[in-house]
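Trainee: Residue numbers (our numbering): 83 to 141.
For every residue, glycine included, the Cβ atom is placed at its ideal position computed from N, Cα and C.
Given the structure is predicted, the values throughout are model-derived calculations rather than measurements.
Sharing a structure below in structure tokens format, with a few things to ask.
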């Protein structure tokens, strides 16, 4: 079993649908596991709040 197959079977239905949404129109089966993980990390990475950005800018 490949890493991609293990990842997609382990993640569950809701995360699989999220992966499909994030990489559409491509098919998750056509991507490498590293590409899928990169997209998920980018999606779930913490973004600085707009208010915090403004506060840092005004100092």
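For residue 89 and residue 118, which I take to be in contact (beta-carbon distance under 8 Å), what is that distance rounded to the nearest angstrom?
Mentor: Contact flag correct, Cβ pair sits at about 6 Å.
Trainee: If you check the beta carbons only, do residue 85 and residue 115 fall under 8 Å apart?
Mentor: yes
Trainee: Can you tell me which of 110, 130, 132 and 104 puts its alpha carbon nearest to the alpha carbon of residue 91?
Mentor: 110
Trainee: Could you tell me the distance, in whole angstroms, from the CA atom of residue 120 to the CA atom of residue 95?
Mentor: 19 Å
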